[in-house]
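All remarks here apply to the structure that follows.
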Amino acid sequence: MQVQELAKKYGVPYRIVAKNLASNEQQRQSQGSDTVSSSSLRSVQTEEEAPAEPEYIDIDAVDADNELACTDYVHSIMEYLFTSERKRRPLASYMSTVQRDIHANMRGILVDWLVEVALEYKLVSDTLFLAISYIDRFLSLQVVPRQQLQLVGVSCMLLAAKYEEIYAPQVDEFCYITDNTYSRKEILGMEDCVLDSLHFELTVPTPRLFLRRFLKASAADWPSCGIWQSEQEYLAAYITELSLPEYTALQWLPSLIAAAAVLVARYTCYTAIPALRSLPVWSSTLVHYTRYRASELRTCALALHSFYERASSKVMNSLPAIQEKYAQPKYKCVSAIHPPSRLPEAIFADPQ
936 MQVQELAKKY
946 GVPYRIVAKN
956 LASNEQQRQS
966 QGSDTVSSSS
976 LRSVQTEEEA
986 PAEPEYIDID
996 AVDADNELAC
1006 TDYVHSIMEY
1016 LFTSERKRRP
1026 LASYMSTVQR
1036 DIHANMRGIL
1046 VDWLVEVALE
1056 YKLVSDTLFL
1066 AISYIDRFLS
1076 LQVVPRQQLQ
1086 LVGVSCMLLA
1096 AKYEEIYAPQ
1106 VDEFCYITDN
1116 TYSRKEILGM
1126 EDCVLDSLHF
1136 ELTVPTPRLF
1146 LRRFLKASAA
1156 DWPSCGIWQS
1166 EQEYLAAYIT
1176 ELSLPEYTAL
1186 QWLPSLIAAA
1196 AVLVARYTCY
1206 TAIPALRSLP
1216 VWSSTLVHYT
1226 RYRASELRTC
1236 ALALHSFYER
1246 ASSKVMNSLP
1256 AIQEKYAQPK
1266 YKCVSAIHPP
1276 SRLPEAIFAD
1286 PQ
């Protein structure tokens, strides 16, 4: 079996397989073989002709036989997501250029409340991210009086639930959750308005979509993370979700937020687990799959770290829903993990 086939079969880098085969050949020769076999010649020829080992780990090799993993299509899917995230994104300045009666603090309060709504009705995080994407895109296009901001929020949550959930909450439940501030007719009317404004373009990339892929790359890159692997995943999800109430986070692409959250989560684990300190915080594998170098994540990562610090402070945290959500055992209580005191500049240095 050729070196490349062995490497692919066992998920081991090509160079290691080639080195082991060469070592075995030397042992056979030292045991009295005076002639060079044709198989060893083929082995040498294979090693010489083989392409250079890629600088990143193939994270899909382990799922090659898993039809549900869609490994034949994953690269096309990610290419589409990276392209479409630039086409369907809200204005980062809509509060000053479009809206007249609402401001960033009102948006933050709405998002914090929607986190509680999602918990109340056991909605998946994808629904929450999608709803807030719809809200921001709608507010980038239509002027909304402050009295209708919550109506926009529940209508977008209803749309997102219909898109993501198997069993979406009924309209009457959204009426109830607003203490009957809005009627069924008003919610459905705003739903129509949102759909018309967004031209029914409801399939949009969110940080949550990118996070799954990036965490898979992170897990492959840090196999020694051990029992901290699930904590790292929930911590990255927590840090990503902390960006939702922050209006300033709209300046960054969803993929950039997800990648920066992984970086902050990895560094947090890096400081806690001695076994990881010999490994890079941001590797060539993560550069390949996220398409971001560490230096490109600096501004966003520092902002996420500040959100993380604020959420960890009982005095400074005025929007506690996300922190309380991730304090639950089902999320490994990751919001109780204190953030590092700072992110050193060294972690943003790109390899020469």
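Position 315 of the sequence shown, counted from 1, bears residue number 1250 in the working numbering, the numbering being contiguous throughout. C-beta atoms are modelled at their ideal positions from N, C-alpha and C, and glycine is treated no differently.
Asked	Found
Check whether the Cβ of Met1041 lies closer than 7 Å to any Cβ atom in chain D.	As a matter of chain content, chain D is missing from the structure shown, which is built from one protein chain.
I'd like the span of the alpha helix (DSSP H) that includes Ala1187, first residue to last.	The sequence shown places Trp at residue 1187, rather than the Ala named in the question. No alpha helix (DSSP H) holds Trp1187; DSSP gives it neither H nor E.
Less than 6 Å between C-beta atoms, sequence neighbours within five positions excluded: which residues of the same chain meet that for Lys1097?	Ala1103
Which residues in the same chain have their Cβ closer than 7 Å to the Cβ of His1223, if we skip the five residues on either side of it in sequence?	Tyr991
Compare the beta carbon distance of Asp993 and Thr1006 with 7 Å and say whether it is the shorter of the two.	no
Whole angstroms are fine: how far does the CA of Ser1075 sit from the CA of Ser1031?	10 Å
For the alpha helix (DSSP H) that Asn1040 lies in, which residues bound it at each end?	1039–1055
Assuming contact is defined by CB atoms lying nearer than 7 Å, are Cys1235 and Ala1171 in contact in what I supplied?	no
Are the CB atoms of Ile1282 and Glu896 within a distance shorter than 7 Å?	Summary: the structure shown does not reach residue 896, with the chain confined to residues 936 through 1287, and so no result is reported for it.
In angstroms with no decimal places, state the Cα-to-Cα distance between Leu1211 and Arg1023.	38 Å
Between Lys1151 and Ser1190, what straight-line distance do the alpha-carbon atoms span, to the nearest angstrom?	14 Å
Between the Cα of Lys1249 and the Cα atoms of Ser1270, Val1078, Leu1237, Ala1229, which residue gives the shortest distance?	Ser1270
To the nearest angstrom, report how far apart Leu1123 and Trp1217 are at their CA atoms.	46 Å
By Cβ distance, which residues of its chain are closer than 7 Å to Ser1090, with the 5 residues on each side in sequence left out?	Ile1122, Met1125, Glu1126, Val1129
Does Pro1279 come out as helix, strand or coil in the three-state DSSP assignment?	coil
Would you check if the region 1027–1041 and the region 1236–1247 touch, i.e. whether three or more CB-CB distances between them fall below 8 Å?	no
For the alpha helix (DSSP H) that contains Val1106, what are its first and last residues?	1106–1112
Measuring only the C-alpha atoms, how far is Asn1001 from Val1059?	24 Å
DSSP three-state call for Met1030: helix, strand or coil?	helix
What does the alpha-carbon distance come out to for the pair Ala1200 and Gln1083?	37 Å
Taking Ala1284 as part of the alpha helix (DSSP H), name the residues at either end of that continuous run.	Here Ala1284 belongs to no alpha helix (DSSP H), and DSSP marks it neither H nor E.
Mark Asp1285 as exposed unless 16 or more other C-beta atoms lie within 10 angstroms of its C-beta, in which case mark it buried.	exposed
Let me know the secondary structure DSSP gives Leu1123 once reduced to three states.	helix
Which first and last residues belong to the alpha helix (DSSP H) in which Ser1011 is found?	1009–1022
Looking at the secondary structure, which residues open and close the alpha helix (DSSP H) in which Val1059 lies?	No alpha helix (DSSP H) contains Val1059, which DSSP labels as neither H nor E.
What separation, rounded to the nearest whole angstrom, lies between the Cα atoms of Glu1100 and Leu1054?	13 Å
Could you tell me if Tyr1117 is buried or exposed, where buried requires 16 or more neighbouring beta carbons within 10 angstroms of its beta carbon?	buried
When DSSP labels each residue in this structure, what does Val1078 get in the three-state scheme?	coil
Beta-carbon separation of Ala1155 and Gln1164 under 7 Å?	no
Using 8 Å for Cβ pairs, my map puts Tyr1069 next to Ala1095. What's the rounded Cβ distance?	6 Å
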